[in-house]
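Okay, structure first, notes after.
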Amino acid sequence: MTAVPETKKTERRISPAVIPMYIVTVLFVALPMVYVIGITFLMKDEVFGITNQVTLKNYADLFSAVNLKVFADSFVVAISTTVLTLLIGYPFAYFTARFSQKTRSFIILLIMAPFWINSLLRLNGWIILLKANGAINEGLLALGIISEPLKILYNNGAMMLGMVYALLPFMITSIYNSVEKMDWTLIEAARDLGSKPFSAFLRVTLPLTMPGVVAGCVLVFVPSMGLFFISDLLGGSKVLLLGNLIKNEFYQARNWPMGATLSIAMLAFTFVFIIIYKKVTDDKTAGGLK
Amino acid sequence: MDDMILQLKDLHKSFDNVKVLKGITLDVKAGRFLTLLGPSGCGKTTTLRLIAGLDTPDSGSILIGGKDMKGLPPEKRPVNTVFQNYALFPHMNVQKNIAYSLVLRHTDKEEALKKVNELLSIVQLEGYNKRMPAQLSGGQRQRVAIARALACDPQILLLDEPLGALDLQLRRQMQVELKALQKKLGITFIYITHDQEEALNMSDRIAVMNDGCIEQFGSPENIYEHPTTRFAAQFIGQSNIIEGDVVEKVAGGVRVQICENNTIIVKGEYEIGEHLALSVRAERIDYADKADFGFALNGTIKMHSYIGGVLRTTITLQNGQEVLITGANPVSRYPAGCAVQVFWDPAVAAVVERGQGK
Numbered sequence: 495m496t497a498v499p500e501t502k503k504t505e506r507r508i509s510p511a512v513i514p515m516y517i518v519t520v521l522f523v524a525l526p527m528v529y530v531i532g533i534t535f536l537m538k539d540e541v542f543g544i545t546n547q548v549t550l551k552n553y554a555d556l557f558s559a560v561n562l563k564v565f566a567d568s569f570v571v572a573i574s575t576t577v578l579t580l581l582i583g584y585p586f587a588y589f590t591a592r593f594s595q596k597t598r599s600f601i602i603l604l605i606m607a608p609f610w611i612n613s614l615l616r617l618n619g620w621i622i623l624l625k626a627n628g629a630i631n632e633g634l635l636a637l638g639i640i641s642e643p644l645k646i647l648y649n650n651g652a653m654m655l656g657m658v659y660a661l662l663p664f665m666i667t668s669i670y671n672s673v674e675k676m677d678w679t680l681i682e683a684a685r686d687l688g689s690k691p692f693s694a695f696l697r698v699t700l701p702l703t704m705p706g707v708v709a710g711c712v713l714v715f716v717p718s719m720g721l722f723f724i725s726d727l728l729g730g731s732k733v734l735l736l737g738n739l740i741k742n743e744f745y746q747a748r749n750w751p752m753g754a755t756l757s758i759a760m761l762a763f764t765f766v767f768i769i770i771y772k773k774v775t776d777d778k779t780a781g782g783l784k
Numbered sequence: 038m039d040d041m042i043l044q045l046k047d048l049h050k051s052f053d054n055v056k057v058l059k060g061i062t063l064d065v066k067a068g069r070f071l072t073l074l075g076p077s078g079c080g081k082t083t084t085l086r087l088i089a090g091l092d093t094p095d096s097g098s099i100l101i102g103g104k105d106m107k108g109l110p111p112e113k114r115p116v117n118t119v120f121q122n123y124a125l126f127p128h129m130n131v132q133k134n135i136a137y138s139l140v141l142r143h144t145d146k147e148e149a150l151k152k153v154n155e156l157l158s159i160v161q162l163e164g165y166n167k168r169m170p171a172q173l174s175g176g177q178r179q180r181v182a183i184a185r186a187l188a189c190d191p192q193i194l195l196l197d198e199p200l201g202a203l204d205l206q207l208r209r210q211m212q213v214e215l216k217a218l219q220k221k222l223g224i225t226f227i228y229i230t231h232d233q234e235e236a237l238n239m240s241d242r243i244a245v246m247n248d249g250c251i252e253q254f255g256s257p258e259n260i261y262e263h264p265t266t267r268f269a270a271q272f273i274g275q276s277n278i279i280e281g282d283v284v285e286k287v288a289g290g291v292r293v294q295i296c297e298n299n300t301i302i303v304k305g306e307y308e309i310g311e312h313l314a315l316s317v318r319a320e321r322i323d324y325a326d327k328a329d330f331g332f333a334l335n336g337t338i339k340m341h342s343y344i345g346g347v348l349r350t351t352i353t354l355q356n357g358q359e360v361l362i363t364g365a366n367p368v369s370r371y372p373a374g375c376a377v378q379v380f381w382d383p384a385v386a387a388v389v390e391r392g393q394g395k
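Residue numbers (the working numbering), protein chains in the order written: chain A, 495 to 784; chain B, 38 to 395.
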């Protein structure tokens with residue numbers, strides 16, 4: 495964020511030891527990517543998947559009303575997920591970083607622990623909790639708080655819950671990393687110079703932890719554009735997200751060229767978003783005397 | 038007590054059951070350059086933090102300009118701090134750092150800019166407005182930190198070992214500049230250091246601190262020439278502590294027995310049988326074949342070492358104690374092993390401890 499002069503370029507010489515890595519990268523990342531881009535210009539074929547007929551029809555189809563709505567919905571879901579995880583994750587990371595070293599490590603361990611379990615299994619856990627005869631409803635019924643089971647599964651709320659649940663650790667860990675690096679005497683200096691605690695936070699802590707916030711937002715926003723199984727499992731497929739659309743094109747419509755085109759569109763979309771976001775946060779330090 | 042800008046009354050502070058301050062009482066006149074001098078861990082930084090409001094005392098009170106600071110957060114106190122590591126905001130340029138407190142007070146933009154430039158010229162950094170802290174040297178950061186702390190015209194400026202990270206040349210230069218700055222601004226400076234030379238060089242008043250207490254409070258001359266405690270004598274300058282029992286009253290003083298056949302004269306009134314510990318500065322002691330001042334301690338020269346500017350001589354007394362003597366002469370007439378008599382003007386010795394003799 496600050497204008498630090500670039501360190502002089504280190505000499506680049508490719509060591510033979512990295513050649514296998516380059517081969518793997520080219521074979522498994524670059525080539526498939528070229529293939530995906532390539533088939534976006536081809537037509538679908540019922541028998542062989544694709545024909546060798548070159549066309550731009552797939553790109554024209556992107557802008558159909560249905561697709562645009564899916565894009566808009568996905569965008570709203572991704573933004574909401576990002577904002578929600580940020581609102582929960584920032585305070586969480588902030589206070590975690592201010593605990594003693596021992597407590598901190600323990601909390602971070604707790605956050606990371608669920609990653610040892612497959613995310614589909616964890617989401618199924620939520621279904622058990624949320625379903626009509628699930629733990630939450632049974633509990634509330636037993637306590638007499640409700641008279642009939644709440645419909646809390648298979649709706650947008652359950653889907654958002656799943657999204658936030660799945661992506662929150664990414665937000666927490668990236669913000670935590672930057673809060674942990676904070677020099678707290680800066681806050682004392684801010685207080686000494688006349689800032690109330692919240693003003694010191696806004697003027698010093700927040701700008702200095704912005705890199706963590708940006709990283710967290712990117713880490714949450716990008717996957718939430720493409721996650722389809724959460725919408726399927728918890729949202730009851732009520733909202734069609736970009737991820738669902740792509741999956742459907744490949745598996746149900748068997749329209750590989752269209753699926754590939756949607757994938758590329760999603761990539762481009764998130765890429766543009768990241769660039770815009772970077773630009774915005776780079777100017778965050780402005781304000782006050784220039 | 039009207040002209041007292043700062044009054045500390047019996048301050049106590051503990052961290053995790055460790056007593057850091059054990060009753061600090063101090064009155065500081067407005068416009069003074071006061072130094073808290075002491076070894077690390079003596080509680081000087083804690084004292085500063087209590088004054089700034091960054092920590093709260095367990096008991097005791099702090100009055101600034103006669104007003105009790107109890108319960109006032111740091112932002113409401115008329116003091117500002119220059120932190121040990123400068124604590125410049127790394128995401129703001131020099132100008133924004135200095136203007137931080139001005140922006141908070143909604144100072145008019147033009148006025149704030151004028152003030153920033155004025156402060157930059159005071160600390161001799163004109164034109165550095167747009168530099169980022171990372172692009173500055175240690176000495177420059179230090180100056181920015183001072184300018185920033187001065188921006189909202191504090192009644193007291195607190196400086197926590199601000200020269201600690203600088204090299205010797207720059208330290209000396211900054212000492213002179215800081216002192217001149219304080220004179221010019223007329224603001225009270227409370228300065229923390231463990232460097233006695235720095236303290237003696239800059240201060241109007243020095244409070245020597247040790248183990249959570251103030252050992253001695255006075256002018257630099259007073260502290261140096263008339264230490265009142267053993268610690269103050271040994272922490273500042275090269276002191277020889279000479280101990281013995283009063284054996285006889287003489288005109289204007291007493292005779293104190295140091296060891297067999299060796300006595301010294303001490304000025305002042307003491308009772309026979311009392312045990313005295315004296316501090317005599319290394320440069321105030323002399324030695325020769327024949328002593329002056331009506332007393333002499335027999336000793337043998339152990340060694341000479343020339344340390345640049347002064348010759349340091351170690352002499353072993355009859356009782357085995359070693360005394361350190363510094364002299365301006367780079368060579369001594371007496372080689373090592375030579376028997377000499379050690380003496381000093383009784384007026385320059387300070388009694389730092391008195392108690393019952395054995």
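A virtual CB, placed ideally from N, CA and C, is assigned to each residue, including glycine.
Asked	Found
How many whole angstroms separate the CB atoms of Asp-686 (chain A) and Ala-89 (chain B), which I take to be in contact at a CB cut-off of 8 angstroms?	6 angstroms
Listing by chain order, which chain B residues have their CB less than 9 angstroms from the CB of Trp-592 (chain A)?	Before going on, a small fix: residue 592 (chain A) reads as Arg here, not Trp. Ordered by position in chain B, no residue passes the 9 angstroms Cβ test against Arg-592 (chain A), which lies about 16 angstroms from the chain.
Determine, using beta carbons only, whether Glu-147 (chain B) comes closer than 8 angstroms to chain A.	no
Counting contacts by CB-CB distance shorter than 8 angstroms, is Ala-709 (chain A) in contact with chain C?	Here chain C cannot be found, since the structure's protein chains are A and B.
Between which two residues does the alpha helix (DSSP H) harbouring Tyr-584 (chain A) extend?	559–591
Pairs of beta-carbons, one from the segment 340–352 of chain B and one from the segment 367–384 of chain B, closer than 8 angstroms: are there three or more?	yes
I'd like to confirm the pairing. Which residues does DSSP put opposite Lys-50 (chain B) in its beta bridges?	B:Leu-58
Just the chain B side, please: which residues come within less than 8 angstroms of Pro-701 (chain A) by C-beta, in chain order?	His-128
Given this structure, state the Cα-to-Cα distance separating Leu-713 (chain A) from Leu-696 (chain A), to the nearest angstrom.	23 angstroms
Can at least three beta-carbon pairs, one atom from the segment 243–260 of chain B and one from the segment 210–219 of chain B, be found at a separation below 8 angstroms?	no
Answer yes if the segment 344–362 of chain B comes into contact with the segment 285–293 of chain B, meaning at least three C-beta pairs across the two stretches below 8 angstroms, and no otherwise.	no
Determine the closest residue to Phe-33 (chain B) out of B:Asp-282, B:His-312, B:Ala-386, B:Val-368, with distance taken between C-alpha atoms.	Residue 33 (chain B) lies beyond the stretch modelled for chain B, which goes from 38 to 395, so this question has no answer here.
How is Thr-779 (chain A) classed by DSSP in three states: helix, strand or coil?	With a pLDDT of only 45 at Thr-779 (chain A), under 50, the local geometry of the prediction cannot be trusted, and the value read off the model is given with reservation. In the structure shown, Thr-779 (chain A) sits in coil (DSSP, three-state: anything other than H, G, I, E or B).
Specify the secondary structure class of Val-160 (chain B) as computed by DSSP and reduced to three states.	coil
Is Thr-351 (chain B) near the ligand HEM, judged by its Cβ being under 7 angstroms from some heavy atom?	You won't find the ligand HEM in this model; it holds no ligand whatsoever.
DSSP has Gly-364 (chain B) in a bridge; who is on the other side?	B:Leu-348
List the residues of chain B whose Cβ lies closer than 7 angstroms to the Cβ of Val-698 (chain A), in chain order.	Phe-126
With a threshold of 8 angstroms between beta-carbons, can Gly-688 (chain A) be considered close to chain B, or not?	yes
Kindly give me the distance between the Cβ atoms of Lys-732 (chain A) and Asn-649 (chain A), rounded to whole angstroms, as I take these residues to be in contact under 8 angstroms.	7 angstroms
Strictly by DSSP, which residues pair up with Val-116 (chain B)?	B:Ile-193
Quick one, are the C-beta atoms of Gly-201 (chain B) and Gln-121 (chain B) less than 8 angstroms apart?	yes
Pull up the distance between the alpha-carbon of Asn-366 (chain B) and that of Leu-218 (chain B), whole angstroms please.	37 angstroms
For Ala-683 (chain A) and chain B, any beta-carbon pair shorter than 8 angstroms?	yes
Which of helix, strand or coil does DSSP assign to Leu-756 (chain A)?	helix
When DSSP builds the beta bridges, which residues end up paired with Glu-359 (chain B)?	B:Thr-353
Can you look up Phe-126 (chain B) in the DSSP assignment and give me helix, strand or coil?	coil
Nearest-angstrom Cα distance between Ala-587 (chain A) and Leu-604 (chain A)?	13 angstroms
Secondary structure at Leu-550 (chain A), three-state DSSP: helix, strand or coil?	coil
Give me the chain A residues within the contact set of Asn-117 (chain B), using Cβ-Cβ distance strictly less than 8 angstroms, ordered along the chain.	Asp-686, Leu-687
Any idea if Ser-672 (chain A) is buried or exposed, counting beta-carbon neighbours within 10 angstroms, 16 or more meaning buried?	buried
Does the separation of the CB atoms of Ile-278 (chain B) and Gln-192 (chain B) fall below 8 angstroms?	no
Is the Cβ-Cβ distance between Val-379 (chain B) and Tyr-324 (chain B) less than 8 angstroms?	yes
Quick one: which chain B residues come within Cβ less than 7 angstroms of Thr-679 (chain A)?	Phe-120, Asn-122, Ala-124
How long is the line joining the alpha carbons of Leu-109 (chain B) and Ile-681 (chain A), rounded to whole angstroms?	17 angstroms
Name, going along the chain, the residues of the segment 181–203 of chain B whose beta-carbon falls closer than 9 angstroms to a beta-carbon of chain A.	Ala-182, Arg-185, Ala-186, Ala-188, Cys-189, Leu-195
With 8 angstroms as the threshold, decide whether the Cβ of Ile-43 (chain B) is near any Cβ in chain A.	Note that residue 43 (chain B) is Leu in the sequence shown here, rather than Ile. Not an interface residue.
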